[in-house]
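Number of protein chains: 2
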Amino acid sequence: MTLTDETATPVHHEDLTALGARLRTALDGPYAAERSVGRATFPADDLLRDPGLDVAQSREWTLGRLRELERHGFGHAGVPDGPNSVSDPLTAVMAFEMLAHGDLSVTIKSGVQFGLFGGAVTNLGTEWHHATFLPGITDLSLLGGFAMTELGHGSDVASLETTITYDPETDEFDVHSPTPGATKAYIGNAAKDGTMAAVFGQLWVGGTCHGVHVVLVPLRDDDGNDLPGITTGDQGHKGGLLGVDNGTIRFDHVRVERRMLLDRFGGVGDDGAYSSPIENANRRFFTMLGTLVRGRVCVGGGAGITARRALSIATRYALRRRQFPAAGRPGGVLLLDYLVHQRRLLPRIARSYALGFAQNELIEALVHVQGPGDSTETEQRELETRAAGLKAMTTWFANETVQEAREACGGSGYLSENQLTEMRRDVDIFATFEGDNTVLLQSVTKALLTDFKREWSELDRSGVMQATAKVAGETVVEATSANLVLDRLASAVRRKPEETTLTDRRWHALMFEERARHSLESLARRMRAASTASGDSFEAFNALGEHVQFAAKAHLERLALQAFIDGIRGCEDPEARGVLEDLCSLYALSSIHDQRAWFLEHNRISSSRSKAIGQQLDDLCRRLRPHALGLVEGMGIPESWLGAAILRD
Amino acid sequence: MTLTDETATPVHHEDLTALGARLRTALDGPYAAERSVGRATFPADDLLRDPGLDVAQSREWTLGRLRELERHGFGHAGVPDGPNSVSDPLTAVMAFEMLAHGDLSVTIKSGVQFGLFGGAVTNLGTEWHHATFLPGITDLSLLGGFAMTELGHGSDVASLETTITYDPETDEFDVHSPTPGATKAYIGNAAKDGTMAAVFGQLWVGGTCHGVHVVLVPLRDDDGNDLPGITTGDQGHKGGLLGVDNGTIRFDHVRVERRMLLDRFGGVGDDGAYSSPIENANRRFFTMLGTLVRGRVCVGGGAGITARRALSIATRYALRRRQFPAAGRPGGVLLLDYLVHQRRLLPRIARSYALGFAQNELIEALVHVQGPGDSTETEQRELETRAAGLKAMTTWFANETVQEAREACGGSGYLSENQLTEMRRDVDIFATFEGDNTVLLQSVTKALLTDFKREWSELDRSGVMQATAKVAGETVVEATSANLVLDRLASAVRRKPEETTLTDRRWHALMFEERARHSLESLARRMRAASTASGDSFEAFNALGEHVQFAAKAHLERLALQAFIDGIRGCEDPEARGVLEDLCSLYALSSIHDQRAWFLEHNRISSSRSKAIGQQLDDLCRRLRPHALGLVEGMGIPESWLGAAILRD
């Protein structure tokens, strides 16, 4: 996507309501210009795949579409096309988002080729790799796979079994799958199109294992046959994403030249000895994995767009479709006039905005860390944590939302021509790939606790821990994952929280802060107890599983509320701002309502206040109902791109 | 299915653990013999459809499989094959269940042909229809559609627009689609295979409309061409159920003989005048729709089996698959040893049992009402309410559970060869067809309130209402949807509920009773207020939407707990009984835990007790973990039928 290309002709024009246009600008936020250009120039003629295509046809269509996008300049998505070009994270993320407006197989195939395979070469390789391979990667003459996952090891990358063994005799690496579990699996581009793969394995040099590294291995000859020692397998029909050719790869002592190792963070020199700029093996491992953060930012963003497409279809349909006649409505009640229907859709629209604002801030952090300027290791780690967490939250949200939208459209929602079932099939796996969501949330909490522990021990040294554990805990959490705006809002009502109204943002801030803070603090206490408990230490930590998930979610909800508040500040139009304030209340109150049991259990709300929240949600839905069309337009999916037959006249 | 056919050879044998066998007997309950014969004789060689088949191939395979089942005696599923045979509800339900162990397109195509089309002819037709059409329906030489739903009218059957107008000149009916919205839609067998349809429309005789009736209309000639005046359409690719040929039908003044009207509840005599055994048009309408109850019983049962298949796959996989290494577990932790994973699967297994026991009682009620003996109108109405409610609960549960199972199997869950994504696609629409779930729950609450109102006014007359409204309310609900066992259990601890343990069945009973009773009672009060409120009466009732859904669910949870308790009583083996007691506690506590906010808000539990529930759920999961295989076997799906590649060695 060439955002600055002045020759690009807008191919798309939409008529929006005034409110819709303003909300869209607000939600597009810091990237309003880029997104606007993207929508105006994206080639949308062949956006959606015919659901009737079989696996072979879907793959052919998808690859063809990718090549067509490349011809239109929407190709390599921020991947540099040679050693003198730079990797541009913003273009990459914007391109992925735009692709997610259409068929998701195209989005993911693009992600595999440019984001993962291209990203590995760019970020883990050095100059020779860039010069040799990036031109082919970006013009699609070299299609590649990202061979990390193994049958026996999904989330547990450190335990990968594939070996990359340096042979000083021939100055080559020997790449090998020693066990059935070492078989690479679910690898995009492996079943058919890929002629090379970036293969993750344990690097052995002179009898010493240096941990996981990545080597480029050619897979197929020009006729598409497996090269000697390579056995690829086709994983065939999947739940969705039929256009992506996922497959397996096994290596039987495959030999590659020494320079095929992507050696930015460690490699073998001319002397046959291993060296690395990062001494500590564990830190090296996480540094290498850390470069993958862009993929998670993209996947979360793409899932967010998918949820918006589904909500756009269901809401626009509910503005047309009439049901049972009722008093004063002889022609039938418009679906969206049923409060139950409003409660199905409007809180999800509110959450879409919240996650969208949070995604904007995540992209800003990504651009900061991966851009040309300097960034600290702390900022990098915070980016990884936030990307992991938002990816989990948004992909789950997308799955549930597409399903809700499907049911909200009744039987017509089930016809493939209305797109919802196809989206649902494709987005399903987003909850698993680029990190299983449950495991990702564990990593979020782990990172929060690491901060916690570090600062705690620093405080201990400085003597502040003379205060009670509780106060210390609060101080610590504030200091680490501090959010000054929320905290200031919360402070103003902390002493008499129940004297606020239910739509008082200060009270929302207080509740979100309390949930995040207290759940992490109490988890830290339980962790400490578990670590000193006698008996089976696995079981001691195992018992904290639900608490770990809760603390991560509470942290991420807080991030989203903060981002929503920041987003409203950026909106200058008073009408749009008023609507966004109501929408933010709907988001915040829905989040509190969903977990009001926790707030009650921890004496953060009274039972009468808790009961009143449902009523307040109804009121907010009624207030937002007249703005439904504008809210949908604000989510930014052009109506003509939705491709749903039920929306055609 | 010929349950008594002594020539049937068992084609299937399973090795079960002792516990598994006993749990299976318990869960099979009153139908243990029928289900056991079903499993032993069901032709399982060609159980699952190749997911790679396209729409045309899927339809062909599905019809072929239906004919094969017919040849094996698993055909017409309780539909009588002529006027001297009787309709057998038990055989119908058992056959549907057994079919749901395999490809769901076959299940639904069978349901369309035998349950809906055959059921309409059987239940709404009279002797000539039975003699003329049932032989062809049962031997599959006459394939038919059930043309109720219209594009403009799904749940709102009373507003159907299709007209069936008697023409005395020719002594024929004129069947017509007056508007685009009158087009029949989503009709199984309409796109391709059906040569006739049972068409729902407004019956007009001599200028008077007698409401919805059903007429048989031939659709296609022997070459498959639409007959004059008929326009069928193919709805093509759907979210799932690709083997069912759903389509649209339009009628342009199609003429059929007078006797083609299914006239059991109303028709036109030789004199050209309308007559009906049921005077009241509204009652006639509900009597006709009431005959459809069997379909809802079947669909709920089929969804329950689907959930069990998914849980069987995910749990058996979690008993094989290892993840990260941990202290004392160098080879990696078995997935099912993670408490988080147990919490994903075991409460769902518990709920599967609860819904299974409830389904058994529902089948008993169906057999009672539709069997040869007498039944009252109250019993019929209760059956309809229960069938509607359990259908909604079980189909939603199936959808969520298959998805949870998919995610619990990670990336391999997404491969079609592991069946979960295919099940998910197929079972999705179960939440919408045979009644949209949200609308069905409204009907449940409406029925409960009708009872409530009737008894309330009776009490008013007898003066009992002199007592406080609250007490009267309680009395009423007890009297109507009384459950003596639960009530007796609850009474024993009503005065000091918090002195019980969290696994005390009496306390569970009390909580379930209180939730159902109080939510209905308070809804009745709000309904009364709404009915006398000034202003927009639609909006007054509209505001109660969430409350209506809650009250229905609370009622159905109570039914399920009761059924579970009844089911345990029927289990004589002490070990199995002990496991079932724990499983019932897990079900009951999960239900309370999910809605503990309600219990807290209504002062039914203290916050410290509420917080303890999570811990208790963990403990129950740990206690049940060693019995996981037996629990899965008890759910009754033979392992070899699961067809999941990940379970093969």
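Residue numbers (this note's numbering), protein chains in the order written: chain F, 5 to 653; chain H, 5 to 653.
No residue lacks a Cβ here, since even glycine has one placed at the ideal position from N, Cα and C.
None of these values were measured; they are calculated from a predicted model.
Listed in chain order, the positions of the segment 49-72 of chain F with a beta carbon within less than 7 Å of a beta carbon of chain H are PRO55, GLY56, ASP58, VAL59.
Nearest in C-alpha terms to PHE204/H, of all of THR212/H, GLY211/H, ALA189/H, is ALA189/H.
Your pair VAL272/F and VAL209/F checks out as a contact, with CB atoms roughly 6 Å apart and the cut at 8 Å.
The beta-carbon of VAL216/F is placed no less than 8 Å from the nearest beta-carbon of chain H. For ILE433/F, the chain H residues whose C-beta falls within less than 8 Å of its own C-beta are GLY415, TYR418, listed in chain order. Taking every protein chain shown into account, the CB of ASP226/H has fewer than 16 other CB atoms within 10 angstroms, so this residue is exposed. Sorting GLN384/H, ASP586/H, ALA580/H, SER610/H by C-alpha distance to the C-alpha of GLU637/H places ALA580/H at the top. Taking a C-beta distance under 8 Å as the contact criterion, LEU245/H and SER109/H qualify as a contact pair.
Spanning the alpha carbons of GLY634/H and SER356/H requires a straight line of approximately 14 Å.
Residues of chain H with a Cβ closer than 7 Å to the Cβ of ALA601/F are, in chain order, ARG600, ALA601, LEU604, SER614. Within its own chain, the residues whose Cβ lies closer than 7 Å to the Cβ of ALA285/H, once the five positions on either side in sequence are excluded, are HIS214, GLY215, listed in chain order. Judged by pairs of C-beta atoms under 8 Å, the segment 65-77 of chain H does not touch the segment 119-136 of chain H, as fewer than three such pairs exist.
Look at the beta carbons and you see the segment 253-271 of chain F not touching the segment 91-100 of chain F: under three pairs across the two are nearer than 8 Å. Assignment of alpha helix (DSSP H) within the segment 524-596 of chain H, counting only whole runs of 4 or more residues, yields 541-546, 549-573 in chain order. Between LEU343/H and chain F, the shortest Cβ-Cβ separation is below 8 Å. With respect to the 8 Å criterion, GLY243/H and ASP432/H are classified as neighbours on the basis of their beta carbons.
Proximity to GLU72/F across PHE554/F, GLY56/F, SER89/F, ASP50/F peaks at ASP50/F, based on C-alpha coordinates. Listed in chain order, the positions of the segment 234-252 of chain H with a beta carbon within less than 9 Å of a beta carbon of chain F are GLN239, GLY240, HIS241, LYS242, GLY243, GLY244, LEU245, ASN250.
Less than 8 Å separates the beta-carbon of GLY156/H from that of ALA186/H.
Contact annotation for PHE542/H against chain F: ALA330, ALA331, GLY332, ARG333, VAL337, ASP341 [CB-CB distance below 9 Å, chain order].
Within the segment 392-413 of chain H, contact with chain F at the beta-carbon level (separation under 8 Å) is assigned to ASN403, GLN407, ARG410, GLU411. Excluding its 5 nearest sequence neighbours in each direction, GLY360/F has C-beta neighbours in its own chain below 7 Å: LEU31, GLY308, listed in chain order.
Our two residues, ALA369/F and SER379/F, have alpha carbons roughly 10 Å apart in a direct line.
GLN206/H is not a Cβ neighbour of THR142/H, given a cutoff of 8 Å. Relative to the Cα of ILE596/F, the nearest Cα in the group ALA601/H, GLY86/H, PRO281/H belongs to ALA601/H.
In the DSSP assignment, ALA189/F falls within the beta strand (DSSP E) that extends over 188-191. Taking the Cα positions, ALA36/F is about 11 Å away from ARG43/F. Taking 8 Å as the cut-off between beta carbons, the residues of the segment 346-368 of chain F near chain H are ARG347, in sequence order. Counting only runs that start and end inside the segment 195-264 of chain F, there is no alpha helix (DSSP H) element of at least 4 residues. By the neighbour-count criterion, in which a residue is buried when 16 or more other Cβ atoms sit within 10 angstroms of its Cβ, ALA151/H is buried. Taking C-beta atoms under 8 Å as the contact rule, ILE282/F and ILE191/F fail to qualify, at a distance of about 27 Å. Fully enclosed beta strand (DSSP E) runs of no fewer than 3 residues occupy 167-171, 176-180, 188-191 of the segment 156-191 of chain F, in order along the chain. TYR190/H has a beta carbon lying within less than 8 Å of a beta carbon in chain F. In terms of CA proximity to HIS134/F, ARG268/F leads the group ARG268/F, ALA104/F, ASP586/F, ALA162/F.
For LYS500/H, the closest of VAL489/H, PHE118/H, LEU488/H, MET515/H by C-alpha to C-alpha distance is MET515/H. Per DSSP, the continuous alpha helix (DSSP H) segment holding ALA632/H begins and ends at 632-638.
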